[in-house]
Structures are given as structure tokens and as C-alpha cells.
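In this note's numbering, the protein residues as written are 5 to 160. Every residue, glycine too, gets a C-beta built ideally from N, C-alpha and C. Data block below; observations after.
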């Protein structure tokens with residue numbers, strides 16, 4: 005799977021609401037900043053209304069996995085829109101080797117960087133990291149599944 009479409013690219017940065025199915029308080033990402041052939045970068049602002057912010061204003065650490073999953077959805081949605089399709093819906097099916105090394109607080113701006121490492125039969129494996137400025141907060145590998153993509157996808 006190539007994230008960059010063969011057709012014309014869309015202007016970036018782009019609001020993630022146009023790219024992902026998440027809505028309301030479950031939309032945790034804000035803007036797609038970049039999209040390359042096999043990855044990209046998404047921005048998320050930690051706001052007080054986030055359902056995963058605790059009483060001390062800190063974001064629950066494991067939410068970084070959801071941030072990476074939503075970032076992939078934004079990258080895939082961008083590629084779909086740029087090629088004239090509706091954004092795909094998918095599912096997070098596994099998480100591997102996630103290391104959380106820091107915490108985010110209300111007011112922080114996070115960047116989520118992803119790299120596609122492989123695809124097979126509708127499944128995509130990505131490696132991601134969540135950063136606050138230059139500080140690594142979390143990194144790990146996710147496997148995602150996009151229903152209906154099995155027959156149309158490139159094989160590694």
C-alpha cells in the first residue's frame with residue numbers, strides 16, 4: 005500500500021476530521037502535517053475535554069496507542085480522498101512492543117510519526133512514535149485491518 009496517491013495530492017496541513025471516522029470526544033488527533041509514500045506525521049493537542057485526561061491534567065499513557073492508530077487512519081483517509089474515494093474504516097487488531105517513556109499534559113502539542121513496515125491480505129503493520137517537542141513519549145508497533153482491502157492491495 006502506498007499512502008501517496010497516484011492522483012493529485014491535497015493541501016497539507018489538513019484537519020483530521022475530514023479523514024477519519026472518529027467524532028466528538030473520541031477524535032483525539034487534529035491535523036495531518038505530512039504524508040509520504042510509506043508514512044507521515046499527525047498533530048494532536050491535549051485538551052481538558054479529552055476523556056482520557058485525569059484529574060491532574062495528565063493524558064493516560066496508554067492512549068498513545070490510540071493516537072498512533074488514529075494517525076494511521078488519517079494517513080489512509082488522506083490517500084483515499086486524494087484518489088477520489090471515501091476514507092476507509094479500519095480496526096486496530098494488535099499492539100506489540102509499546103514502550104511509554106513519558107506523559108503528556110493538557111496544553112501539550114504532540115506529534116505522531118508513523119512508518120508502514122508491511123502489508124498482507126488487508127492487514128498493515130506500522131511503527132509509530134509519539135513525541136512532545138523532541139521528547140519521545142511512546143513508541144511501538146501496531147497491526148491494523150481495513151475490511152474489503154484484501155483483494156486490491158499490493159503484496160510486499
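When the Cα atoms are used, residue 131 and residue 110 turn out to be separated by approximately 25 Å.
Cβ neighbours of residue 68 within its own chain (closer than 7 Å, five residues either side excluded): 104, 134, 141, 142. Between residue 127 and residue 144, the alpha-carbon positions lie close to 17 Å from each other.
Beta-bridge analysis with DSSP links residue 136 to 114, 139. Around residue 64, the same chain offers 56, 57, 58 as residues with beta carbons nearer than 8 Å, after the five sequence neighbours per side are excluded.
Every beta strand (DSSP E) of 3 residues or more that sits fully in the segment 27-85 is shown, in chain order, as 35-40, 43-49.
Between the C-alpha atoms of residue 52 and residue 61 there is a straight-line separation of about 7 Å. Per the DSSP secondary-structure output, residue 100 pairs in a beta bridge with 145.
Assignment of beta-bridge partners to residue 19 by DSSP yields 35. Scanning 47, 108, 150 for the CA closest to the CA of residue 124 turns up 150. If you draw a straight line from the Cα of residue 119 to the Cα of residue 22, it is about 21 Å long. Residue 54 and residue 13 have their C-alpha atoms spaced approximately 31 Å apart.
Scanning its chain for C-beta atoms nearer than 8 Å, with the 5 sequence neighbours on each side dropped, one finds no residue around residue 28. Residue 148 is a Cβ neighbour of residue 96, given a cutoff of 8 Å. For residue 91, the closest of 101, 74, 98 by C-alpha to C-alpha distance is 74.
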